[in-house]
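What follows is a short report on a single structure.
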Amino acid sequence: MSTWSASSPVMNHHTLVIPALEAGKHVFSEWPLGVATDEAIHTRDVAKAHRIRTSVGLQNQCVARHSLRA
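Next comes the structure, spelled out in structure tokens:
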């Protein structure tokens, strides 16, 4: 497996993503990467040091209960 996905409560993103990056896994994470800017910066720095790609998405944006009604 070369890619890892973080779909957990935001408070867990940083503690789950860092070990995956250190293991050489590319990471797709639900937004945001951490609960604070310093966590996101640390995640970026670890990814850069290991030459790993990260991607952040909004996986629930198309869920009907989150949709705006006209």
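Note that our numbering has the sequence shown beginning at 3, numbered continuously upward. Glycine residues also receive a C-beta, built at the ideal position from the N, C-alpha and C atoms. The model shown is predicted, which means the values in this text are computed figures rather than measured ones.
**In DSSP terms, what Glu32 is bridged to** = Gly59
**Asked** Under a three-way DSSP split, which group does Ala25 fall into?
**Response** coil
**Request:** Count the other CB atoms, across all protein chains shown, that sit within 10 Å of the CB of Gly2; report buried if there are 16 or more and exposed otherwise.
**Result:** For residue 2 there is no data in the structure shown, the boundaries of the chain being 3 and 72.
**Message:** Considering Cα atoms alone, identify which of Ile54, Ser7, Met13 and Ser9 is closest to Ala38.
**Reply:** Met13
**Message:** Going by C-alpha to C-alpha distance, which of Pro21, Gly26 and Thr17 sits closest to Arg55?
**Reply:** Gly26
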